[in-house]
Amino acid sequence: MFIMGQPGIILNSFKPAKELLDGKSGIYSDRPIIPMGGELVGWKNSLSLLPYSDRFKRYRRLAKQLFGSPKTMEAFHPVEQLETHRFLKSLLAQPDRFVQHIQKTAGAIILHVTHGYAVQDGEDPFVTLADTAMEQFSQSVSSTGFMVNLIPALQYIPEWFPGAGFQRIAKEWASTLEAMVDQPYQWVKSRVAEGTAELSFISEMLSEKLKLDGEEEFEIKWSAASLYAGGADTTVATMIAFFKAMLLYPEVAQKAQAEIDRVIGSDRLPTFADRQHLPYVNALALETLRWHTVAPTAIPHRLMADDIYNGYFIPKGSLVIANVWQMSHDPAVYPDPMVFRPERFLPIDGSKPQMDPRELCFGFGRRICPGRVLADASVFISCAMVLAAFDVSPYLNEGIPDAPPAVEQKAGTVRQVSHSELVHVKAINNFESAGRAIYRETANVIRRYQPQFPTMSSVTPVDVLFIALAVWLLSKLISRVRRERRLTPLKGPPRKSLIFGVLKYLNQAPDSGAVYEEWVTKYGSVYQIPTVLGSKRVVLTDPKAVAHFYAKETVTNGILVAEGSSHKRQRKALTPAFSNIAIRRLTSVFYDSAYKLKATWDSMIESNSDGKVIDVQMWMNRISLDSIGIAGFSHDFNSLAGQASSISDLFDTFAGLKPPPQTLLSRILTPIALILFLLGTIFPPILHVPTQRTKMSQQLRRDTSEIADILLEKTRKEKELGLVDEQGDKSVIGLLSRRPNLFIEVVERGDFSAGYETTSISLTWALIELCIQPHIQDKLREELSRTGTDLTWEQLNTTTDFPYLDAVVHETLRMHPPLSETTRTANTDDVMPLSSPLQPSGNSSKSFVVGETAGIAIPKGTVITVPIRCINRSEAFWGPDAKQFKPERWIEGEEGASGIPEAAREVSGHRHLLTFSDGPRICLGKGFALAEFKAVLSVLIRNYTFEFPEGKDIIPKIEIHRSILPRPKIEGQKGARVPLRVRRV
Numbered sequence: 001m002f003i004m005g006q007p008g009i010i011l012n013s014f015k016p017a018k019e020l021l022d023g024k025s026g027i028y029s030d031r032p033i034i035p036m037g038g039e040l041v042g043w044k045n046s047l048s049l050l051p052y053s054d055r056f057k058r059y060r061r062l063a064k065q066l067f068g069s070p071k072t073m074e075a076f077h078p079v080e081q082l083e084t085h086r087f088l089k090s091l092l093a094q095p096d097r098f099v100q101h102i103q104k105t106a107g108a109i110i111l112h113v114t115h116g117y118a119v120q121d122g123e124d125p126f127v128t129l130a131d132t133a134m135e136q137f138s139q140s141v142s143s144t145g146f147m148v149n150l151i152p153a154l155q156y157i158p159e160w161f162p163g164a165g166f167q168r169i170a171k172e173w174a175s176t177l178e179a180m181v182d183q184p185y186q187w188v189k190s191r192v193a194e195g196t197a198e199l200s201f202i203s204e205m206l207s208e209k210l211k212l213d214g215e216e217e218f219e220i221k222w223s224a225a226s227l228y229a230g231g232a233d234t235t236v237a238t239m240i241a242f243f244k245a246m247l248l249y250p251e252v253a254q255k256a257q258a259e260i261d262r263v264i265g266s267d268r269l270p271t272f273a274d275r276q277h278l279p280y281v282n283a284l285a286l287e288t289l290r291w292h293t294v295a296p297t298a299i300p301h302r303l304m305a306d307d308i309y310n311g312y313f314i315p316k317g318s319l320v321i322a323n324v325w326q327m328s329h330d331p332a333v334y335p336d337p338m339v340f341r342p343e344r345f346l347p348i349d350g351s352k353p354q355m356d357p358r359e360l361c362f363g364f365g366r367r368i369c370p371g372r373v374l375a376d377a378s379v380f381i382s383c384a385m386v387l388a389a390f391d392v393s394p395y396l397n398e399g400i401p402d403a404p405p406a407v408e409q410k411a412g413t414v415r416q417v418s419h420s421e422l423v424h425v426k427a428i429n430n431f432e433s434a435g436r437a438i439y440r441e442t443a444n445v446i447r448r449y450q451p452q453f454p455t456m457s458s459v460t461p462v463d464v465l466f467i468a469l470a471v472w473l474l475s476k477l478i479s480r481v482r483r484e485r486r487l488t489p490l491k492g493p494p495r496k497s498l499i500f501g502v503l504k505y506l507n508q509a510p511d512s513g514a515v516y517e518e519w520v521t522k523y524g525s526v527y528q529i530p531t532v533l534g535s536k537r538v539v540l541t542d543p544k545a546v547a548h549f550y551a552k553e554t555v556t557n558g559i560l561v562a563e564g565s566s567h568k569r570q571r572k573a574l575t576p577a578f579s580n581i582a583i584r585r586l587t588s589v590f591y592d593s594a595y596k597l598k599a600t601w602d603s604m605i606e607s608n609s610d611g612k613v614i615d616v617q618m619w620m621n622r623i624s625l626d627s628i629g630i631a632g633f634s635h636d637f638n639s640l641a642g643q644a645s646s647i648s649d650l651f652d653t654f655a656g657l658k659p660p661p662q663t664l665l666s667r668i669l670t671p672i673a674l675i676l677f678l679l680g681t682i683f684p685p686i687l688h689v690p691t692q693r694t695k696m697s698q699q700l701r702r703d704t705s706e707i708a709d710i711l712l713e714k715t716r717k718e719k720e721l722g723l724v725d726e727q728g729d730k731s732v733i734g735l736l737s738r739r740p741n742l743f744i745e746v747v748e749r750g751d752f753s754a755g756y757e758t759t760s761i762s763l764t765w766a767l768i769e770l771c772i773q774p775h776i777q778d779k780l781r782e783e784l785s786r787t788g789t790d791l792t793w794e795q796l797n798t799t800t801d802f803p804y805l806d807a808v809v810h811e812t813l814r815m816h817p818p819l820s821e822t823t824r825t826a827n828t829d830d831v832m833p834l835s836s837p838l839q840p841s842g843n844s845s846k847s848f849v850v851g852e853t854a855g856i857a858i859p860k861g862t863v864i865t866v867p868i869r870c871i872n873r874s875e876a877f878w879g880p881d882a883k884q885f886k887p888e889r890w891i892e893g894e895e896g897a898s899g900i901p902e903a904a905r906e907v908s909g910h911r912h913l914l915t916f917s918d919g920p921r922i923c924l925g926k927g928f929a930l931a932e933f934k935a936v937l938s939v940l941i942r943n944y945t946f947e948f949p950e951g952k953d954i955i956p957k958i959e960i961h962r963s964i965l966p967r968p969k970i971e972g973q974k975g976a977r978v979p980l981r982v983r984r985v
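No gaps in the numbering here: position 899 of the sequence shown is 899 in the UniProt record's numbering, and each next residue is one more.
Following this line, the structure appears as structure tokens:
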């Protein structure tokens, strides 16, 4: 699931919580950034929201000095007992201020311990300040309290903007927080200066050093405030729950009072020394902690590194939430969990006590509550003294008890049970004389104590619209300014459009690679281009920078463009299906498809002595579709036999071979489809506008998803019947059927269409080039005629047995890469190494030295493009004949062969080409594609001759049709059609 826009893990049982949050606390102790509470209000400096850092460790170290163990806390037992005495007297005197008395007592104890401050009679300013600040904290860190916690970019909009009322609230609450942190600290500081300070956490810290620097003072002040704020709020919630439990379960109170009378008598109140002799009262305090979980899910932990737990991959940055409420109400651990039953913690009749809830309710790992010893002691002594002094019963309304109160909780990070019920409190000890005579009877009206704060409900739809617009504008502007300030200054072409920069010009250019190459000559091997709405993109053609780019993990989405962890998971699952052993087994599939095509073409040509004009691209589409369907997914589309399918129809529609479905909206949007696509690079929701292309893409995903379901069910049944070996099946479908969700993900994200498109496009370009230069076609046919049989996999996989076939295939891939460029986004700050420094000129680009090489600074979020077509056809790398189709360059030592130039050898990638990409994301199906390409081309060239329809001497203009990937087409043809005259050899 996703929480606040990040991957979220919910831990519902104690074992994984203990193993992860405790056992691996070194990577599970960070906190998420919470915009409202942490950034705007300022709670990010508190122990609860402080990121895992050196400062956090110093906070914990300071807290440990005070709350390290029960032994160190014994010094504060007299303070706790004294303040609890005062609580009883206040409750007796003013029962209608019930909640305020609990809050004041909790605040008095923690303030005395941390600041040495004795609270005033009546309303105390420091206690009131802490109570207000904690109410605000609970609201400000809630994921549902403020929209800014769901859309962090909202924190940058000004408070005058419509819908930005939360900014004014944050400003007010920040003032409250500052006062809560600073005022008690200044009070202690002045007492220390006067020499009148009582022993406390802060006075001890101040007395250890005569002079503190700003950082030390800041940490002491905030660590004390963190303990003060956290302890005050949680103890209050627990004590309110205690009183409610006594209303609902009077028999429990009676058992506890009987134990107190038996052990202590009626002449004094319980003390901490009595705890070991009051097992039932102690169990009652534990049951209060369990029954009402003060922080049901608390504040999420944030994972600082990728992790694997029980076979599940948990990515870095995930929010990990311990569902403490579920753990403390797990029937397997606590039978009848909704019942308040202290006996569960006692060894009655030889039974083993149930798990101590203190293992759960104070948190886990390095985020465990530092004041848990104090909180545990306070809850025990308060419960014991209240039960020794009072009976608690439902309010009597004209002598009739009210209905039992419902067990409900107030919203917030720290949860309190609702306390609107009327409670009847009877004093059973007047603190001055012994006996059970009732000193006073009073009705205690517990009024609702739930201040209202503005939340998302106050935001109107118009506000949301303005906010969304502001978020987009501000986030883009801020990110752009930050990136450009940190990006090494680079030269580049001027924008050709105020809105689209140069992107529209590039998309409409006949050869985008030539445009990129022209800019290389003007601006250097690394430059930047203006894109949509003032954004910029870095273009890399420097070999060392390109190699670094492909070697680094970057953010994209699918196996070709999947994000880091998803990409690794998919690639690991698919790798066995594309091994040499697997491809060897699939070679027969490629030949079967090729000979099906041959049978069809033979029947078409048979009655035509001069051959037949055939749209070869359509047939290359079909042969690719059938081959990848059978070889990869055990599914025969049978398109070579003319069988129609929704998938083949969609691919034909993309290629312009069939008319797309028309609606009024699509007719309106189609003329501006390119504009919408370009704007979508900046504002992704635009990509979902229902143009013809968008609707067809959605239909393709639906159809492939249906195929995935059918294939998975078919494979499952075959395995049940023993028709396939589950462990031995290394095909794509065989491997991924063991992980159905991953299989559907791979198919739906486009890996299927990617394999289909690239192979059919490459085969078509090869036939076009062989028609343009018939002597190359003849030379290839001569080489292939040396064998009367089909090439084996070993022959397909080597460059020596049939070197000219290998050369033609690789020259096609060099000249016509199906994917013309790779664009990714840097997910971290980086330094891009260069083969040589860029040449500065005035205010133009400047590079700097990194170690012994040059480099440029690339800040996080920078969009980077590697122009594959440009580099593959660059004269700087491949020489002056780089734009010519010349297979001989791939054959060393042959007459007329130039060999691969030294400059080109600096380029990374398969055979110094970027056609298959490079690095961790290099095309996984590279071997599959090369084997199919060679097998099909060898069958076609051995059996047929190809030329343009008007003859060898009339070469038509070749244009580009925009499909899923750019496809060749003959000028004047409708759609991506490539008609060639095909004759039998």
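Idealized CB from N, CA, C, for every residue including glycine.
Can you tell me where the alpha helix (DSSP H) holding residue i begins and where it ends?
i, result
"H912", "Taken as a continuous stretch (DSSP letters only), H912 belongs to no alpha helix (DSSP H), as it is neither H nor E."
"P16", "F14 to A17"
"H85", "H77 to A93"
"V936", "K926 to N943"
"E518", "S512 to Y523"
"H115", "F98 to H115"
"D131", "P125 to S140"
Indicate whether residue i and residue j have their beta-carbon atoms separated by less than 8 angstroms.
i, j, result
"Y28", "L269", "no"
"R372", "H301", "no"
"residue 991", "R967", "Because the chain is modelled from 1 through 985, residue 991 falls outside the range shown and cannot be assessed."
"L913", "V526", "no"
"C369", "A375", "yes"
"R983", "G611", "yes"
"L506", "V866", "no"
"L387", "I260", "yes"
"A935", "I583", "no"
"T822", "S917", "yes"
"residue 991", "F885", "The question about residue 991 has no answer, for the chain in this structure spans 1 to 985."
"A106", "V236", "yes"
Contact check, residue i vs residue j under 8 angstroms by CB: the rounded distance?
i, j, result
"S223", "L62", "5 angstroms"
"P184", "L82", "So it is not a contact: roughly 19 angstroms between Cβ atoms."
"S207", "M36", "So it is not a contact: roughly 37 angstroms between Cβ atoms."
"L346", "A283", "5 angstroms"
"S226", "Y117", "About 16 angstroms; that fails the 8 angstroms criterion."
Residues in its own chain within less than 7 angstroms of residue i by CB, not counting five upstream and five downstream?
i, result
"A179", "L129"
"I768", "I958, P968 and V978"
"N310", "none"
"V849", "With a pLDDT of 44 at V849, under the threshold of 50, the predicted position of this residue should be treated as unreliable, and no value is reported."
What is the residue span of the beta strand (DSSP E) that residue i lies within?
i, result
"D830", "D830 to L834"
"P394", "F390 to P394"
Within a Cβ cutoff of 6 angstroms, which residues of the same chain sit near residue i, ignoring the five residues on either side of it in sequence?
i, result
"D729", "Because D729 carries a pLDDT of 48, less than 50, the predicted location of this residue cannot be relied on, and the following value inherits that uncertainty. Hits under 6 angstroms: none found."
"D213", "none"
"Q167", "E159"
"Y449", "In this prediction, Y449 has a pLDDT of 28, which is less than 50 and means its spatial position is unreliable; what the coordinates show is noted afterwards. Hits under 6 angstroms: V99."
"P152", "P35"
"A551", "G919"
At least one CB of chain C closer than 8 angstroms to the CB of residue i: is that the case?
i, result
"L540", "In summary, chain C is missing from the structure at hand, where a single protein chain is found."
Stretch pair the segment 777-791 + the segment 853-864: three plus CB contacts closer than 8 angstroms
no
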